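Numbering-wise (the numbering used here), the sequence shown opens with residue 216 and increments by one. Where a beta carbon is used, it is the ideal one built from N, C-alpha and C, also for glycine. Since the structure is predicted, the reported quantities are computational estimates derived from the model, not experimental observations. Report on one structure; see the data block that follows.
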Amino acid sequence: KNVHSQQLVTEQTTADYRSEFGLIASSFASARTFADWVQIYKKLVGWEVELTESTDPGVREILSYQKNEANNEFAKFVRANYLSWFSDRDADAPVLSHQLVRSKVFPIVDASAKTTLFLIDNFRLDQWRMIRPVLHGLFDVEQEDFYCSILPTATQYARNAIFAGLTPLAIDKIMPDLWLNDNEAGGKNRHEEDFLKRQMQSQGRSGKLYFDKIVRSDAGKRLLDNIEKVHQADFAVIVYNFLDMLSHARTETQIIRDLAEDEAAFRSLTRSWFEHSDLLELMRLLAERGHTIIITSDHGTIQVDNPVRVQGDRATSSNLRYKTGRNLGFNQKEVFAITKPELAHLPKSNITSTYIFAYNRDFFVYPNNTNQFVRYYNNTFQHGGISMEEMIVPFLVLKPR
């Protein structure tokens, strides 16, 4: 029994999942709200993590198939309900990106002496499940909640909406000098601190704010040296771009692609990074100083493997999971098309602009270089479209022990 303990646990876990397979499958048809889909996603991610060590490739294949089916049904749910979340006040709508700080973050800031928000780009529920045990000795998890990222599930749209407390269309109208459309040159996320300060002022908040963005390892070490600046603030916000950089590096670098070959390897790499990161050390120092910690993201990411052909002119946006432009050619059955961007509170660069979004594991390719795109981007991690991984974003509140 001792020698074969791992095998026995694996066999039991496999049997448990097989017995629940039917219940999970039947829940797809009965899911009516975003909260219902959160429960489905949590179950699937839970089984993904538990079956990571399974020696039965068949059961992992079944789970992968079931998750694919779930994402197809989730896409239908989003297609049927997304626009009503903006237009119908009576709709059973989730908290969206532009509502996150006002409805979820500020109440925690009010209830805590010191609060630090960590926004980790591309952070997903399965990655949280991997790093949670690492934080067990430092924090108690007071809240494990979720919100819905707006479309496109891309940094330019979702993160700006979070910090501004406004939809992208409202940002473009109120602060046109601080918003750049996809076809305009320049950095798209340079004004996040300004957006957040404006949102705090509009809410009558005068507490001391600290804002920082970590995009290189030396910046993390510098922040550790200046920990007192974080501690002295009433509310600190730290954006960590590591996972986003990792997913892009995986696309461009073969050795990273080999290290993060699939979802399980990507989760393992996330935990390995976190255990040796400045981020963990920063959280430890803040725990010692009594800070309440919030961990969330602006969107998740998904591994893509199904090319979908679209057509566009030179002004069309370059993202593989969504496109916006004036002369888009596409199959209506293969995408979620928004021909009136104002209904989704999205800006448009010209009068006839349209947005299209990829479903599940799809990614967009052009007819004239399809093979080159497929070879380069197949099985890479992308974001911008519609999937549970991209849109169902964890929101975690941790209290120091």
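A contact is defined here as three or more CB-CB pairs under 8 Å, and the stretch 518-536 fails this definition with respect to the stretch 339-348. Under the DSSP assignment, G540 falls in the beta strand (DSSP E) whose first and last residues are Y537 to G540. One thing to note: A379 has its Cβ no nearer than 8 Å to the Cβ of Q418. Taking the C-beta atoms as reference points, D336 is found no nearer than 8 Å to N441.
In this structure, A250 lies away from H598, with their beta-carbon atoms at least 8 Å apart. Secondary structure at I389: helix, using DSSP grouped into helix, strand and coil.
A distance below 7 Å between beta-carbons, with the five flanking residues on each side excluded, links D520 to the following residues of its chain, in chain order: R576, N593 and N594.
The three-state secondary structure of E359, taken from DSSP, is strand.
If you draw a straight line from the Cα of G435 to the Cα of L500, it comes to about 13 Å.
In the structure shown, the three-state DSSP call for D577 is strand. When the beta-carbon positions are compared, A530 and N375 stay at least 8 Å from each other.
Where L500 is concerned, the enclosing alpha helix (DSSP H) starts and stops at D493 to E503. Within the same chain, I377, F378, G380, L411 and Q414 come within 8 Å of V316 by CB-CB distance, once the 5 residues on both sides are set aside. Its Cα nearest to that of R504, the residue A328 stands out among A328, A552, D477 and F338. One thing to note: N286 has its Cβ within 8 Å of the Cβ of M603.
The C-beta distance from H506 to P615 rounds to 7 Å, short enough to meet the 8 Å contact threshold. As the crow flies, the alpha-carbon of L495 is around 21 Å from that of L424.
Residues of the same chain with a CB within less than 8 Å of the CB of D449, apart from the 5 flanking positions on each side, are V324, K329, T330, G422, K423 and L424 in chain order.
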